[in-house]
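Those sequence lines, one after another, are chains R, A and H.
All you need for our numbering is the position in the first sequence, starting with 1, plus 31.
All you need for our numbering is the position in the second sequence, starting with 1, plus 82.
All you need for our numbering is the position in the third sequence, starting with 1, plus 14.
Read the structure below first, then the notes.
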Amino acid sequence: MVNAVVLTEQILSFIGVYTIVTLALNIKAGHTGIPDFGHAMFFGIGGIVVGNFVAHLAAALASSVVPGVTVHGVLAKNTETLNLLNTKYFPTHPGVAIGLLIFAIVVALVLGGIVGWLASLPALRLRGEYLAILLLATAEAVRIFVTYTKQIMGSTPTVGLSTPDLFAWAGNSAAAATAFTVIMAIIVYIVFQRIHNSPAGRLFRAVRDDEDAAKALGRDVVVVRRDAMIIGSAVAALGGVVYALNPFLGGGAVAAVSIFNRVFWTFWPWALMILGGMASNRGVVAATALVGILLIWPIRVYKVQLAKALGASVLGLDPNSFGNALEYLLLGLLIILALALKPEGIIPEPPSKTLDFRKKAEKVLKEEKVEL
Amino acid sequence: MSEPMLRLERVNSGYGKFHILFDIDLVVPKGKITVVVGPNGAGKTTLLNTVFGLATIHSGKVVYKGQDITHVPAYKRAKMGMAYTLQLFNIFSTLTVRENLLLATYDIPEDEAKKRMEEVFQLFPRLKERLFQRAGTLSGGERQMLAIAISMLRKPDLMLLDEPTAGLAPKLAKEVFEAIRHLGDQGYTIILAEQNAKGALEIGDEAVLIASGRIVARGKAHELLEDKDLSRKYLGLEI
Amino acid sequence: MAAIDLESTFQALYYASLLSILSVGITLSYMTTKVFNFAHVRFAMVASYVAATIILVLAKSFNIHGDFAWHNMAGMQVRVPLPWWVYAVALVSAFIVGGLVAVAQYYLVLRPLQKRGAGSMALMISTLGFDFILVAVLFIYMTLPQIRRLTVKTISLVGRVAFDSLRMDSLDIVISNGSVTVRGAVILAMVFALATIIGLYLLLTRTKLGVMMRSSIENPNLALVLGINVDRVFAITWFIAGAIAGLAGYLFIFATVYLTPVSPTTPSDQIIVSVFAGSIVGGINSVPGSIGGGFLIGLIEKFFVPLLSPIAGPGIVKYDKVFSMLAVALTLLFIPEGLASVNWRRVLGLGRVKVRKAEEVKA
């Protein structure tokens, strides 16, 4: 039997983190036309900030208070150390936990932004699918590097590092984490909507639509691209932080194989962005909510029942594999159908809000008594 | 009156949803040069694309040699005897002149191919000089000659030429026009779309004037040339 | 200890050959549709499953039990567990299935979207979509009881995650001369790579289809004017690309050290980026380039990087793909059309020949 409250929290967490990550991708690819197929690497940075930096900092602060906690132990005896922190330190030091939370957010944004800036440098020279592959390759290199470097993600790539439970001081830390996820998603959405309707947003889209025209109007295209990469990558890293701190998502640990996984954190966001409508923030939210509520969670929770309903048991199919199959199948079909039937997306990009040209033109013509 | 080579009956066409040509009625007689003139963006290229099958036909019929080919794909129309010299990217630039010409006769038996090549060299002796030069390095005029030569080698029943003198110096343009007239004299049926209205109308037989996607005038080529009103309004010519 | 012994050299050659035949497929599909096909390596996966199924079915229905005795052949000890024709049938099926899946993607997904005017990024995403669908099909297929019997709980190379995968390397041919033992898959990989090079060369330069392919790729509109059915030529090209991938798929099922044995998502996800790397470094618009590039990337990863271990420590081999990604980055930034596009004569200082010729002409 599935607990309705827990289920709701799971769904909200899923929608929340994917909203953040996909909106971040939207700024880069949808608004500015930068084909970032390496988006996952920025997300992963957020996970590292939480699992590694925050853990070390927390251990440093806690080492004098909680016996058995050492900075060295964060990597050397990861599970033990984090367990001590989560049970003995954070519940009694809410101030520190919140401080670390803010620290994580800030550091992730800064680090994500810096790496985003670095990644924007090749964008000066490359366009289109060549840039896409370069970013894909870069993310791949980062992934491999992080996976096998013990100092970053621990000695076992699939197990990774346990995450500090920065909401341990709240009664129900999972619920608190979910609330944090949703709040962050809302904030990101508001900020990006503001950007969309601001001159900056129009500038991003101008560069995407007609680079030469933008240049002719005196805009430094290079700077615009760079800014989009910085902002989008910073927010992606924020998504990583959110993921790591949410037990419904990270499951208490961050592992290189999951946070740098290009299928989950590059390809799925691309799919959601296309589905929702490139450069359409509302579209992204709608698509994420739709996919989350109607597809992913029912499949994950009810895969056995679904398998039986679709007659899978007749073929002797294993429900786990079947669940995996359904997810891939539906996402794949959605992508192709969306591209074929509604390439502008569920909620297409709204036109830029500028002067109401037609009204003004009519007014001018009336005054001048010009006939067309 | 023999069956015209080509007939367009109330054709409306464009690209995808874009509607470019409206209610086009056109008769292209055999063995004559039919000139299509008009201002920039009027739809001359779209007209040729429609004939060859590279545009979307929204309504109407295209009848070629008495057959309704409205839904026949482009490569089949080529096999049915149409040759289209595009305005741009009309040669294989990475190949030599010789390789281009050989490619144009890839499905023709060798002795026949040799015969046709000789005809091409008679008309365009310059191509023979540049045989082993990479086509991408040819001058503008030579490229156009090569492009027309490729079409000639197909021994087409209907030749479509899209602005063959675009961007050429007047002397070269004259050479190209003369070559086209020569082809017309040999009996080729040609549809010649041109920005250079004067030069084209001087060598043409029939003519139509397209503006904003519609045919606004038609008749003998010299009639259109001598019509002062038309010339001034649409073609920017001062006679 | 990273050894430059014969065994690991063979493994490296196997891997390099594998990448070379996959990379050329990426190039063939790119040259025709201007799209990087994310689903390409998955063609090989589908072919793997089909080939494995056929081997299993044939072995069962003809009541063949693995003949694990050693025979003497041309002075070498050879062990051939199954009759030759079983391998042959499986191979041909892999070839055909790979081709068919590719054609399916061309006609069902790419062509319709191209006709609707989809841009190159949208088309690239659509290949992702098709890839997901193939994965789903494989997941479902893999759980069929007959296939499950073939699967083995395998521990992934990266961590302690167990997953179901096909493992048939015990059914592979083994050749030994006493001191050196080589598996059939290794030899076969190199044979396939060679066959691909020669086959494609002959196809493209000596046949009418080859001429049509080259003209359609260079200038599709002009090819139409020449009466070439460009659409069908491209579909045939995709079939060839997929069929060659099918050969790789056949090799997968006798997976050796560098490839995790076959499951719906691996080894495709592991090597797809290296396959792209091979294509790009060699030359995305060059058939011989991409074959060479794939081979080069394979050698970089499995042969040259291990050579660094005396300096960088044994752990360096884990970072092998970082080096290929570096190669990709350098190529894209400085010679985007790949190594094949470089005027090697000029670079290697063979320019003097040209200068003399110009002087002769002037005289």
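Cβ coordinates follow ideal geometry from the N, Cα and C atoms, glycine included.
Since we're looking at a predicted model, the values are computed, not measured.
Closer than 7 Å: residue i CB and nearest the ligand GDP heavy atom
i         : result
Glu192(A) : As far as ligands go, the structure on display features none, and thus does not contain the ligand GDP.
Rounded distance between the beta-carbons of residue j and residue i, thought under 8 Å
i         : j         : result
Gly123(A) : Ile292(A) : Rounded, the Cβ-Cβ distance is 10 Å, inconsistent with contact.
Gly135(A) : Val154(A) : 7 Å
Val94(H)  : Gly256(H) : Going by Cβ atoms, the distance from Val94(H) to Gly256(H) rounds to 29 Å, so no, they are not a contact pair.
Phe309(H) : Ser31(H)  : 7 Å
Ser95(A)  : Thr128(A) : 7 Å
Asn312(R) : Asn57(R)  : 7 Å
Leu220(A) : Leu228(A) : 6 Å
Glu91(A)  : Val133(A) : Their Cβ separation, rounded to whole angstroms, is 13 Å, which puts Glu91(A) and Val133(A) out of contact at 8 Å.
Simplified DSSP assignment, three categories, for residue i
i         : result
Glu85(A)  : coil
Asn94(A)  : strand
Gly218(A) : helix
Val294(R) : helix
Ile189(H) : strand
Val285(R) : strand
Val110(A) : strand
Glu276(A) : strand
Lys129(H) : helix
Met199(A) : helix
Gly142(A) : strand
Arg236(A) : coil
Ala135(R) : helix
Asp19(H)  : coil
Leu312(A) : helix
Spatially closest choice to residue i from the options, by CA coordinates
i         : options                                       : result
Gly159(R) : Asp67(R), Asn34(R) and Ala267(R)              : Asp67(R)
Leu234(R) : Leu276(R), Lys394(R) and Ala310(R)            : Ala310(R)
Ile160(A) : Val109(A), Ile232(A) and Asp311(A)            : The displayed chain sequence assigns Ala, not Ile, to residue 160(A). Among Val109(A), Ile232(A) and Asp311(A), the Cα nearest to that of Ala160(A) belongs to Ile232(A).
Gly147(R) : Thr169(R), Phe279(R), Trp200(R) and Leu157(R) : Thr169(R)
Val253(R) : Phe176(R), Gly308(R) and Ser151(R)            : Ser151(R)
Ser175(A) : Arg198(A), Ala137(A), Gly222(A) and Phe206(A) : Gly222(A)
Gln277(A) : Gln204(A), Val290(A), Gln268(A) and Val179(A) : Val290(A)
Glu315(H) : Gly292(H), Ala209(H) and Ser300(H)            : Gly292(H)
Ile298(H) : Phe248(H), Ser355(H) and Gly260(H)            : Ser355(H)
Gly143(R) : Gly271(R), Lys397(R) and Leu276(R)            : Gly271(R)
Gly113(A) : Arg300(A), Ala282(A), Asp189(A) and Gln268(A) : Gln268(A)
Tyr316(A) : Val118(A), Glu85(A) and Ile272(A)             : Val118(A)
Ser94(R)  : Leu116(R), Pro188(R) and Gly75(R)             : Leu116(R)
Gly2(H)   : Ser323(H), Phe318(H), Ile286(H) and Leu313(H) : This structure cannot speak to residue 2(H), because chain H is shown only from 15 to 377.
Val331(H) : Leu357(R), Thr178(R), Leu368(R) and Pro153(R) : Thr178(R)
Ala90(R)  : Phe45(R), Thr194(R) and Glu171(R)             : Thr194(R)
Neighbour list for residue i in chain R, Cβ cutoff strictly below 8 Å
i         : result
Tyr333(H) : Ile175, Phe176 and Tyr179
Gly143(H) : Ala302, Leu362, Gly363, Leu364, Leu365, Ile366, Ile367 and Leu370
Leu340(H) : Ala172
Phe50(H)  : Glu160, Ala163 and Ile164
Interface partners of residue i on chain H, CB under 8 Å
i         : result
Leu185(A) : Val225, Ser229 and Leu240
Contacts that residue i makes with chain A (C-beta to C-beta distance below 9 Å)
i         : result
Asn235(H) : Leu136, Ala156, Tyr166, Leu168, Phe171 and Asn172
Glu232(H) : Phe174, Ser175, Thr176 and Leu177
Lys222(H) : Tyr188 and Asp189
Interface residues of chain H facing residue i [CB-CB closer than 9 Å]
i         : result
Phe353(R) : Phe153, Ile154 and Thr157
Ile378(R) : Per Cβ cutoff of 9 Å: no residues; Ile378(R) is ~18 Å from chain H at best.
Below-8 Å beta-carbon distance, residue i vs any chain D residue
i         : result
Met138(H) : Any reference to chain D falls outside this structure, whose protein chains are R, A and H.
Partner residues on chain R for residue i, Cβ-Cβ distance less than 9 Å
i         : result
Leu70(H)  : The contacting residues do not exist; Leu70(H) stays about 16 Å from chain R at best.
Ala425(H) : Absent from the structure is residue 425(H), since the part of chain H shown begins at 15 and ends at 377.
Under 7 Å by beta carbon: chain H residues contacting residue i
i         : result
Pro374(R) : Ala132 and Ala136
Ile324(R) : What Ile324(R) touches in chain H: nothing, since even the nearest Cβ is about 20 Å away.
Under 7 Å by beta carbon: chain A residues contacting residue i
i         : result
Asn243(H) : Tyr157
Neighbouring residues, chain R, relative to residue i (Cβ below 7 Å)
i         : result
Phe317(H) : Neighbours of Phe317(H) on chain R: none; closest Cβ ~18 Å, over 7 Å.
Val149(H) : Tyr359
- Item | Residues in the segment 152–171 of chain A having any Cβ partner in chain H nearer than 7 Å | Ala156, Tyr157, Ala160, Lys161, Ala165, Tyr166, Leu168 and Phe171
- Task: Check distances from the C-beta atoms of the segment 158–169 of chain R to those of chain H and list, in chain order, the residues that come in under 9 Å.
- Result: Gly159, Glu160, Tyr161, Leu162, Ala163, Ile164, Leu165, Leu167, Ala168 and Thr169
- Message: Short of 7 Å Cβ to Cβ, which residues in the segment 277–296 of chain H face chain R?
- Response: Val287, Phe290, Ala291 and Ile294
- Message: To be precise: take each residue of the segment 95–106 of chain A, compare its Cβ to all Cβ atoms of chain H, and keep it if any distance is under 9 Å. Which residues remain?
- Response: Tyr97 and Gly98
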